[in-house]
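Once you know that position 123 of the sequence shown is 121 in the working numbering, the rest is easy, because the numbers rise by one and skip nothing.
Note that the Cβ used here is the ideal one computed from N, Cα and C, for glycine as well.
A quick write-up on the structure given underneath.
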Amino acid sequence: MQTTTREAVHLPQTLEPRNPGMALDLDWVMRATANRSAIERRAATLTGRRSVKKAYQAAWLCRAITCIDLTTLAGDDTVGRVARLCAKARQPVRSDLLGALGMDGLKVGAVCVYHDMVEAAVDALAGTGIPVAAVSTGFPAGLSPFHLRVAEIEESVKAGAAEIDIVISRRHVLTGNWQALYDEMRAFRAACGEAHVKAILATGELGTLQNVARASLVCMMAGADFIKTSTGKESVNATLPVSLVMIRAIRDYFEETGYRVGYKPAGGISKAKDAVVYLALMKEELGDRWVQNDLFRFGASSLLGDIERQLEHHVTGAYSASWRHAAG
């Protein structure tokens, strides 16, 4: 594909001072613990409540759309498929429904692709202000040679990616080698330059909630702009208990440093009602400031379809078939 001059995408994160990171504080890391039974009880209270309804539900779902990283990470991705996904990102819900809701101009938070599709996505989104996110560093396992993982970040940034979703080396967490994790994350952050970095912890492979808490802190100390649950390829992806541990680590980091770090649950979030639960968790634990797309994203490929279906029901009073709301 011919390389073209691309306009800069101004990230919403520029409204918030970027997390510069800090020196690794091992005392703080080792103090981090997680009471599984208490965490699970708290998480259960979210799904046990009566959901918001009618206009309030529609408003929450519209907010959820703005927080979606619309994603395709398939081995058979093509330029055409990415172009269709980007068209959906620009117009995530039918124009007549958006008009009825008073939400004209609604867009998703970003489009997330593999490196080979970054250039195609950047071209397809030109002039929209929607950033392209690239998964990197040997995604999803993160086991390629270190210099190649760094080079992959640099190449994605050069191709126009404004956000980089990196995967950490799980072995550093499982062996308690926090210095190695910190050094790795600092190198990835440096390679990103002005592009914002989301650190994927692959929480389903970290063994314990305590490991999740400690890995979250280390990645933030190393300068992560976001911490993210999963690649979407693990057997266990985003869960409410894991989310609670990670966002409380974000709260602790903010209270200690004054810097806000974003949160991205990914994998297995496909229903509109689940999106509302996650937004409610963010609002209750971190406050309204974190229910905006510079600090909260969903990693999702099918979530948008169900949200559009629910919004159509709100406007028309009738449910349509799910196949009418494909993402791309």
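- Distance from the CA atom of R16 to the CA atom of I37, rounded to whole angstroms, is 29 Å.
- For a cut-off of 8 Å, the C-beta gap from C190 to I162 is around 5 Å, short enough to register as a contact.
- In this structure the segment 236 to 244 lies against the segment 192 to 212, because at least three pairs of beta carbons, one per stretch, are closer than 8 Å.
- In this structure, the beta-carbon distance from K105 to P90 falls below 8 Å.
- The three-state reading of DSSP puts A298 in strand, counting E and B together.
- Linking E152 to A98 through their CA atoms gives a straight-line distance of about 43 Å.
- By the CB criterion at 8 Å, R287 and G19 fall outside the cutoff.
- Straight across, the Cα-Cα distance linking Y54 with V116 is about 36 Å.
- When the alpha-carbon of A21 is set against those of D272, Y251, M280, the nearest one is in Y251.
- Taking C-alpha positions only, L199 is separated from D102 by approximately 36 Å.
- When secondary structure is reduced to three states using DSSP, C110 falls in the strand class.
- Apart from the 5 residues on each side of it in sequence, S228 sits with its Cβ closer than 7 Å to the Cβ of I198, A200, T201, G202, N235, A236, A264, G265 in its chain, given in chain order.
- For E161, the enclosing beta strand (DSSP E) stretches over residues 161 to 165.
- Here Y317 carries a coil assignment [DSSP, helix/strand/coil].
- Your pair A132 and V148 does not check out as a contact, with CB atoms roughly 14 Å apart and the cut at 8 Å.
- In this structure G107 touches I66 by the C-beta definition: roughly 6 Å separates them, less than 8 Å.
- In this structure, L68 lies near V109, with their beta-carbon atoms less than 8 Å apart.
- As the crow flies, the alpha-carbon of E232 is around 25 Å from that of T64.
- When secondary structure is reduced to three states using DSSP, K269 falls in the coil class, being assigned neither helix nor strand.
- Contact check for R295 and K262: beta-carbon distance about 4 Å, within the 8 Å limit, so the pair qualifies.
- The beta carbon of K52 lies closer than 8 Å to those of H312 in the same chain, with the five residues before and after it left out.
- The segment 52 to 120 contains, as complete alpha helix (DSSP H) runs of 4+ residues, the segments 52 to 64, 77 to 88, 93 to 99 (chain order).
- For F224, the pairing in a beta bridge is given by DSSP as K196, G260.
- By the beta-carbon neighbour count (other beta carbons within 10 angstroms, threshold 16), S214 is buried.
- Taking the C-beta atoms as reference points, A278 is found no nearer than 8 Å to L71.
- Distance from A62 to A316 at the Cβ level is roughly 21 Å; contact not present, criterion being Cβ atoms closer than 8 Å.
- T31 counts as exposed, since fewer than 16 other C-beta atoms from the protein chains shown sit within 10 angstroms of its C-beta.
- Taking the C-beta atoms as reference points, A222 is found nearer than 8 Å to V195.
- Per DSSP, the beta-bridge partners of V130 are V109.
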